[in-house]
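Sequence positions in the sequence shown follow the numbering used here and run 19 to 197.
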Amino acid sequence: TANSFERSRSGRAFRHVVTWRCLDRQPPATAQASIPAGFMPPGAPEGARERALLVPPLEMVSVPQLRASIEADEAALRQIRAAVMENRLVGAVGAGVWMVAAAGALGGRRVPVHWAYQAGFGRAYPDAVISNEPIVLATERILLASTPSLAYECVLELMARAGLEGLAGASGDRLGFGA
């Protein structure tokens, strides 16, 4: 939607402004020990730079199963740590918030967690301050949402924080978030 708006606003048929890259379960093939700072997904325009990492919701059967899955995924945790260290924007929704916490980026900060999982999250990450607010800005660069249904709002906020305020507003209006 955002790229469609930008193409119509600029009058260029192939203007590509926003390329999304979600957290990868597997690091890019070019990665060796860590994720290169310049990695962009296929189709990204020349000169594009990664500004944000979106941690999508994870399938969650149970809290113990989720914790085991997160602990076994060191490559994903490295990607999150690298994004935080490089001061990129990080957004996480639903159980993706658990990944950001496991990466060590949320100690002592407010974290939105669905009420059904607050006890398990509190045991796993006792330094975090659990919030009942649906969307929380944990730091100036980390945006968290308690449920997957809030993913669009998070993406629009990440766009605005990445300097695409007008495009975020137009996309939000088109998706019905401005009403």
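We put the beta carbon where it would ideally sit given N, CA and C, even for glycine.
Burial state of Ala134 (16 or more Cβ within 10 Å): By the neighbour-count criterion, in which a residue is buried when 16 or more other Cβ atoms sit within 10 angstroms of its Cβ, Ala134 is exposed.
Pairwise C-alpha distance: Asp91 and Pro144: 21 Å
Gln50 (DSSP reduced to helix, strand or coil): Residue placement at Gln50 is flagged as unreliable, the pLDDT there being 35, under the threshold of 50; the coordinate-derived value follows with that caveat. Gln50: coil per DSSP, three-state reduction.
Close Cβ partners of Gln83 (< 8 Å) along its chain, the five nearest in sequence each way excluded: The beta carbon of Gln83 sits closer than 8 Å to no other beta carbon from its chain once the five residues preceding and following it are set aside.
Bridge partner(s) assigned by DSSP for Ala163: Beta-bridge pairing links Ala163 to Val111, Ile153.
Nearest residue (CA-CA) to Ile153, options Glu183, Leu71, Glu171, Arg141: Glu171
Status (buried if at least 16 other CB within 10 Å, exposed otherwise) for Met177: buried
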